[in-house]
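Worksheet: the structure to be examined is printed underneath.
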């Protein structure tokens with residue numbers, strides 16, 4: 001399979017040598033670089049031309065309040081009376097919450113900051129009643145699932161403790177990992193890394209190179225690996241049963257059920273940290289330079305089998321050989337292939353690798369001389385599929401589509417169908433009726449915006465074909481069904497106009513035949529509209545597809561419609577979908593119209609994510 005051309009990052013220097021790459025839920029990539037973060041923002045282009053530069057736009061990202069330091073006036077009184085200043089704060093590590101897109105940021109001054117999915121500052125985590133060592137944080141991780149409808153952020157301090165906060169920075173609880181020791185014995189035992197990939201288990205690395213497994217549900221901890229002098233670079237849970245510990249001198253498989261240990265000693269004298277990736281079917285891979293190894297347990301369960309992973313190894317080796325062919329044709333010097341970060345996409349279909357190839361020598365470089373490359377590598381062979389949990393919608397599905405050379409998912413038969421496979425019939429599509437006894441906001445989140453698999457798949461097809469009209473029909477059917485069940489509550493003229501327009505879009509009778517002319521206001525103009533009189537085909541009597549997003553006022557002027565409420569767009573306060581180019585009202589800036597509960601809720605819930613492509617909306 002031919003890979004997409006690499007994305008090259010020029011004139012940027014990494015803040016750390018390892019673990020600097022993060023994949024965001026919206027498809028963008030975040031890189032921890034000096035001075036400011038680097039954001040590879042996901043974009044849409046119809047013709048990608050087999051290059052990642054047409055899937056990402058590279059720009060600097062300056063986080064607000066990054067200089068926030070809760071210890072600014074406390075360090076000089078703690079164990080060192082000569083220390084009279086603190087270094088300037090910068091980002092040391094970033095962790096993403098794949099549920100809501102929030103960021104947890106660890107700074108060099110041991111502060112943990114929270115940002116929302118629009119990179120707006122929320123707060124600096126702290127618990128004032130604790131001692132200073134208990135408030136100094138060195139690691140962090142987000143919960144993989146919500147706990148009592150809250151997303152938790154766990155941080156590790158210098159006393160062997162885990163402190164839990166919610167997504168808004170509110171303190172929840174504190175847990176001691178070394179429960180059999182007293183508080184004084186736990187001082188200066190730092191929690192340097194946390195892995196929380198499965199809800200039940202939290203894996204922690206301590207500063208003495210020991211590994212602790214904490215059972216979140218039962219509330220007790222187990223020492224998996226005792227302290228020694230060999231650094232632990234990474235820990236992963238495999239098949240929810242084994243803990244894989246990657247040390248500089250050995251690989252360790254720990255059985256969570258039996259407590260048994262299996263070790264594989266490093267015989268290559270290579271003590272560089274390796275990257276561990278858990279691919280589909282919980283298959284672990286070990287990335288070390290251009291070599292990629294596949295890890296398995298023997299059938300007897302008493303040995304670790306290590307073999308080469310051909311597809312991943314060939315992908316990296318091809319890049320290595322190509323560089324040598326161009327810049328080292330005579331093999332005059334050795335070449336280093338350094339992986340500075342790798343991360344799996346939220347849906348598990350792709351691997352992003354941040355690497356650099358250079359000659360093996362000592363050389364001083366300024367920031368302008370540095371450049372790094374990002375490559376996307378398929379993880380699932382030659383095909384991919386859409387997961388039932390709907391992770392990776394929007395740009396991520398489009399990136400996977402291009403990464404797999406324009407192949408549709410292997411479960412494409414469960415799709416509504418592509419343009420070639422889908423044939424419209426005169427029979428109405430079967431509409432699944434949902435419970436309407438809940439609030440309209442809850443109904444939208446549960447049945448329209450979040451868990452509607454059919455709508456999600458239609459949104460994916462928007463990237464490769466025109467599926468706007470099919471999305472309109474599905475979306476209007478869902479909203480119209482709720483409106484009919486709550487017809488007596490709809491009294492606002494704009495709400496009535498919205499429901500009338502949706503009824504016409506799906507070919508249903510209008511519930512408000514006596515709807516009077518509706519006034520729509522803009523910042524500079526106001527006009528009236530008759531929503532019961534749309535332009536229809538003179539022969540069939542059906543609404544023409546090009547008129548769904550257009551409407552003519554009584555004054556005779558043609559206006560574009562809002563793609564959410566199907567009200568006319570007289571206000572300049574708009575947002576648009578970067579994929580379909582459809583526009584919608586921005587209720588946060590539009591103060592001219594008196595919206596009812598239905599239109600107001602629609603505009604508020606659909607204000608950030610496009611229902612036509614599941615991507616972030618952009619302001620006009």
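In the UniProt record's numbering, the protein residues as written are 1 to 620. Virtual Cβ for every residue (Gly too), placed ideally from N, Cα, C. Quick caveat: nothing in here was measured; it's all calculated off a predicted structure.
Cβ pair residue i, residue j closer than 8 Å
i	j	result
residue 94	residue 32	yes
residue 4	residue 39	no
residue 501	residue 21	no
residue 124	residue 173	no
residue 473	residue 506	yes
residue 209	residue 227	yes
residue 225	residue 252	yes
residue 653	residue 236	The structure shown does not extend to residue 653, since the chain is modelled only from 1 to 620, so the question has no answer here.
residue 376	residue 403	yes
residue 211	residue 202	no
residue 475	residue 453	no
residue 26	residue 556	no
residue 135	residue 168	no
Distance, residue j Cα to residue i Cα
i	j	result
residue 137	residue 441	38 Å
residue 611	residue 338	40 Å
residue 336	residue 217	45 Å
residue 190	residue 307	35 Å
residue 540	residue 617	Low confidence applies here, because residue 540 scores a pLDDT of 49, under 50, leaving its location unreliable; read the following figure in that light. One C-alpha to the other measures close to 36 Å.
residue 427	residue 466	The predicted position of residue 427 is uncertain, since its pLDDT is 38 and thus under 50; a value taken from the coordinates is nonetheless stated next. Those two C-alpha atoms are separated by around 21 Å.
residue 193	residue 510	59 Å
residue 151	residue 170	11 Å
residue 274	residue 344	15 Å
residue 131	residue 73	15 Å
residue 281	residue 410	16 Å
residue 264	residue 304	7 Å
residue 601	residue 207	50 Å
residue 619	residue 575	4 Å
residue 419	residue 470	Confidence is the limiting factor: at residue 419 the pLDDT is only 39, short of 50, which leaves the residue's position unreliable, though a coordinate-based value still follows. Roughly 11 Å separates the two Cα atoms.
residue 312	residue 379	8 Å
residue 215	residue 200	6 Å
residue 481	residue 407	35 Å
residue 333	residue 358	10 Å
residue 223	residue 179	11 Å
residue 421	residue 457	Bear in mind that the predicted position of residue 421 carries a pLDDT of just 39, short of 50, making it unreliable; the figure below should be weighed with that in mind. Each residue's alpha carbon lies about 14 Å from the other.
residue 231	residue 290	22 Å
residue 423	residue 328	Note that residue 423 scores 40 on pLDDT, short of 50, meaning its location in the model is unreliable and no value can be drawn from it.
residue 625	residue 99	Nothing can be reported for residue 625: it is not among the residues displayed for the chain, which extend from 1 to 620.
residue 106	residue 64	14 Å
residue 515	residue 533	11 Å
residue 164	residue 145	14 Å
residue 599	residue 498	7 Å
residue 608	residue 118	10 Å
residue 518	residue 283	60 Å
residue 405	residue 88	45 Å
residue 129	residue 496	54 Å
residue 148	residue 369	49 Å
residue 258	residue 323	47 Å
residue 197	residue 296	20 Å
Cβ distance (whole Å) where residue i is taken to contact residue j below 8 Å
i	j	result
residue 374	residue 37	Contact doesn't hold; Cβ gap of about 14 Å is too wide.
residue 340	residue 372	7 Å
residue 9	residue 58	6 Å
residue 221	residue 177	5 Å
residue 96	residue 52	Contact flag wrong, Cβ pair sits at about 20 Å.
residue 348	residue 279	7 Å
residue 86	residue 109	6 Å
residue 548	residue 559	Incorrect: roughly 13 Å between the Cβ atoms, too far for contact.
residue 153	residue 140	6 Å
residue 527	residue 570	7 Å
For residue i, the residue or residues it bridges with in DSSP
i	result
residue 291	288
residue 193	205
residue 371	10
residue 250	265
residue 568	561
residue 121	115
residue 93	106
residue 18	In the DSSP output, where bridge partners are listed per residue, residue 18 has none listed.
residue 521	526
With contact counted as at least three CB pairs below 8 Å, one residue from each stretch, are the region 449-462 and the region 481-496 in contact?
no
Quick one: any contact between the region 41-48 and the region 97-117, if contact means 3 or more CB pairs under 8 Å?
Cβ pair count under 8 Å is below three, so no.
Across the region 582-593 and the region 550-569, are there enough close Cβ pairs to call them in contact, namely three or more that are closer than 8 Å?
yes
Is the region 589-597 close to the region 489-500, with three or more CB pairs under 8 Å?
yes
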